[in-house]
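Here the structure comes first, spelled out in structure tokens, and everything after it is commentary.
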Amino acid sequence: MSGQGAPAAGPVADAEELRVAVVAARWHTQVMAGLLDGAQRALADSGVHDVRLLRVPGAFELPVVASRLATEPGIDAIVALGVVIRGGTPHFDYVCRAATDGLTQVSVRTGVPIGFGLLTCDDDAQALDRAGLPGSKEDKGYEAAQAALATAVTVRQLARP
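In terms of my numbering, the sequence shown opens at residue -4 and continues consecutively.
This is how it looks when you write it as structure tokens:
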């Protein structure tokens, strides 16, 4: 885990009027609680009040809900949050690839930025270290929301004549 080179946590300028959807998996409740809290803090820090939160069973389901949200009128950005922890089977690889590729395809196809808050970890300790919980080294929920907002602001600027 690097963590080095990440932008400083803090408000994203000109994000106040954005409409954001957060789609979050239910697996690994402690880690997900930290990711959700981090994303919600990032949105609040940037003055975003129009937030829709949806929950899905796991990381594999993130792309289909993100796809549906991205086609809703007025959605400016999506924050996708989930956790996949390596086990003893190839399941980890399939779920990580499907979720990553699916979210990428949705964003590129629709032009709606997606903050990628999907933790893909070797063990529980790595996930907890990235979850933004007390004692965590990183706050990937905050970072994912911050990235979605910053990209949405840039996309909005590109749309202006």
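Glycine is no exception: its CB is placed at the ideal position from the N, C-alpha and C atoms. What you are looking at is a predicted structure, and each value in this text was computed from that prediction instead of being measured.
Leu64 - containing alpha helix (DSSP H), residue span: 57 to 65
CB contact flag (Gly112, Leu76, <8 Å): Contact flag set, yes.
C-alpha distance - Phe55 paired with Glu12, whole-angstrom precision: 30 Å
For Pro156 and His86, the rounded distance between their alpha carbons: 47 Å
Three-state class that DSSP yields for Asp45 in the structure shown: Looking at Asp45 - three-state DSSP - the assignment turns out to be strand.
Same chain, Cβ closer than 6 Å to Arg81, five either side skipped, listed in chain order: Around Arg81: Phe87, Asp117.
For Gly97 and Thr115, the rounded distance between their alpha carbons: Roughly 15 Å separates the two Cα atoms.
Residues bridged to Val17 (per DSSP): Leu48, Val74
Span of the beta strand (DSSP E), counted from its first residue to its last, around Thr115: 109 to 116
Beta-carbon spacing of Thr105, Ala65 below 8 Å: Yes.
Distance CB(Arg14)-CB(Asp40) smaller than 8 Å: no
Own chain partners of Ser62 with C-beta closer than 6 Å, once the 5 adjacent residues on each side are dropped: Same-chain partners within the cutoff: Val101.
Pair within 8 Å by beta-carbon distance, Arg151 and Lys135: no
Exposure of Leu153, with buried meaning 16 or more beta-carbon neighbours within 10 Å: In this structure Leu153 is exposed. Its beta-carbon is surrounded by fewer than 16 other beta-carbon atoms within 10 angstroms.
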